[in-house]
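Single-structure report; data block below.
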Ligand SMILES: [Zn+2]
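In this note's numbering, the protein residues as written are 3 to 410.
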């Protein structure tokens, strides 16, 4: 199997980490900021130097093309995002863009002419920390968000996406309406601790977790903390506490199956030290790779809340506010990733993404797959985010050989 030039990839990662570099060696490169512009400009400069053509669509997604022998064949799309979180890391997103660039440069070095064109994309505003929603560039690209609506989105200073695109020179004119890639690939750091803990080189991302979110309200009776005996209370706070413990037990039973249960926000009313809580409001989110399990957990949740409501004489209301089905990436592409990892002698395991990625939008429109490499201590969205040179190289080699295989 052929290999990439890892020295060059490491140098690219280092060079791009200068755009928005922070004191603690992290990166603040918010979408459509001056730092984002610098990274974009340099990405285009390097691509043109290598004789690739460059297009920019109206939401500022940059498409770099290495032409194939048959320009009319549908291309392979590869890439990730160029923006970062505030005080974010040097690898989240940009690793996928630069591993793609390194793969194209290696194709040049080997003087390989692929049959299909390869398009390397740098998506606009994946993080969503300056402009909501996250994954904006890929949402517009796949028609999930209209360009008009995206243009109107504002940051906290009231500056719109459209005016910032215009200001930094990335309000593109290139049309991607009839663009249909043959397959799409994204490589990304895991942003979690699993691959490193298992000493696994490569995560074959089988899909992304489905999500159900709920808002739960328990109503009891607010009364005097000093005058109401313990056995004569309707304490909504105690009901909530017991529900939290029961939900956590439910989540612990799903460890093996990658299920996750989280109570992230709680509120007691009237929230006073000497009043028995009359009302408790809290959120519950469950995530699972499997729809049947999500349905089963959903039933369990209603049962738990019902039992607690009877036990403590509370009125209970459950409102489901988010319902996202689990997502499964293309099985043929996943099989090829596994084969290539085996041929290269890299350890691999299937892994489910707990986070959203641009590829999640692409998956409905075209055969799509993702590859993860480990990151140290699972840290991400953090200035300390880091990878080893070896993980960097192995990820790059997998991506390069995937492109070779798919484009030939
Ligand atoms: Zn990312």
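Every residue gets a Cβ at the ideal spot worked out from N, C-alpha and C, and that includes glycine.
Keep in mind it's a predicted model, so treat the numbers as computed, not measured.
If you reduce the DSSP assignment to three classes, tell me which class residue i lands in.
| i | result |
| --- | --- |
| residue 124 | strand |
| residue 283 | strand |
| residue 399 | helix |
| residue 27 | coil |
| residue 420 | The requested residue 420 does not occur in the structure, where the chain is confined to residues 3 to 410. |
| residue 166 | helix |
| residue 262 | strand |
| residue 93 | coil |
| residue 83 | strand |
| residue 41 | helix |
| residue 244 | helix |
| residue 306 | helix |
| residue 78 | strand |
| residue 4 | coil |
| residue 350 | strand |
| residue 102 | helix |
| residue 134 | coil |
| residue 200 | coil |
| residue 377 | coil |
| residue 35 | coil |
| residue 409 | helix |
| residue 16 | helix |
| residue 176 | coil |
| residue 345 | helix |
| residue 148 | coil |
| residue 294 | helix |
Could you name the residues that DSSP lists as bridge partners for residue i?
| i | result |
| --- | --- |
| residue 55 | 67 |
| residue 372 | 188, 207 |
| residue 271 | 281 |
| residue 329 | 210 |
| residue 383 | Answer is none; residue 383 lacks a bridge partner. |
| residue 317 | 221 |
| residue 216 | 286, 322 |
| residue 355 | 210 |
| residue 226 | 277 |
Should residue i be labelled buried (16 or more other beta-carbon atoms within 10 Å of its own) or exposed?
| i | result |
| --- | --- |
| residue 391 | exposed |
| residue 273 | exposed |
| residue 234 | exposed |
| residue 179 | exposed |
| residue 297 | exposed |
| residue 119 | buried |
| residue 63 | buried |
| residue 236 | buried |
| residue 363 | buried |
| residue 278 | buried |
| residue 404 | buried |
| residue 81 | buried |
| residue 269 | exposed |
| residue 250 | exposed |
| residue 116 | buried |
| residue 241 | buried |
| residue 204 | buried |
| residue 413 | Outside the modelled stretch of the chain, which goes from 3 to 410, sits residue 413, for which no answer is possible. |
| residue 361 | buried |
| residue 395 | buried |
Answer yes or no: the CB of residue i versus the heavy atoms of ligand 2, is any distance below 7 Å?
| i | result |
| --- | --- |
| residue 388 | What this structure holds is ligand 1, not ligand 2. |
So is residue i in contact with chain C if we call contact Cβ pairs under 8 Å?
| i | result |
| --- | --- |
| residue 244 | No chain C appears in the structure shown, which is made up of a single protein chain. |
Which residues have their C-beta within less than 5 Å of a heavy atom of ligand 1, listed in chain order?
-> Those satisfying the condition are, in chain order, 94, 95.
Using 8 Å as the Cβ pair cut-off and three pairs as the minimum, do the stretch 162–179 and the stretch 352–360 touch?
-> These segments do not touch.
Mind the definition here: the stretch 274–284 touches the stretch 304–314 only if three or more C-beta pairs lie below 8 Å; say whether that holds.
-> Under the Cβ criterion (8 Å, minimum of three pairs), the stretch 274–284 does not count as touching the stretch 304–314.
So does the stretch 290–307 actually touch the stretch 207–222, counting three or more Cβ pairs closer than 8 Å?
-> Because the criterion of three Cβ pairs below 8 Å is met, the stretch 290–307 and the stretch 207–222 touch.
Do the stretch 17–35 and the stretch 118–132 meet, that is, are 3 or more Cβ pairs less than 8 Å apart?
-> Segments in contact, yes.
Within the chosen definition, does the stretch 194–207 reach the stretch 133–149 through at least 3 CB pairs nearer than 8 Å?
-> Counting C-beta pairs with one atom in each stretch, the stretch 194–207 and the stretch 133–149 have fewer than three that are closer than 8 Å, which means they do not touch.
Determine, using beta-carbon pairs with one atom in the stretch 51–65 and one in the stretch 346–355, whether at least three such pairs fall under 8 Å.
-> Counting Cβ pairs under 8 Å, fewer than three are found: no touch.
Evaluate contact between the stretch 143–162 and the stretch 101–111, counting only Cβ atoms and requiring at least three cross-stretch pairs below 8 Å.
-> Taking a contact to require three or more Cβ pairs closer than 8 Å, the stretch 143–162 and the stretch 101–111 do not qualify as touching.
Between the stretch 221–236 and the stretch 359–370, do at least 3 Cβ pairs fall closer than 8 Å?
-> Contact between the stretch 221–236 and the stretch 359–370 is absent, with fewer than three C-beta pairs closer than 8 Å.
Evaluate contact between the stretch 45–56 and the stretch 152–159, counting only Cβ atoms and requiring at least three cross-stretch pairs below 8 Å.
-> No: fewer than three Cβ pairs fall under 8 Å.
For the stretch 9–19 against the stretch 79–99, are there 3 or more C-beta pairs whose distance is under 8 Å?
-> Because the criterion of three Cβ pairs below 8 Å is met, the stretch 9–19 and the stretch 79–99 touch.
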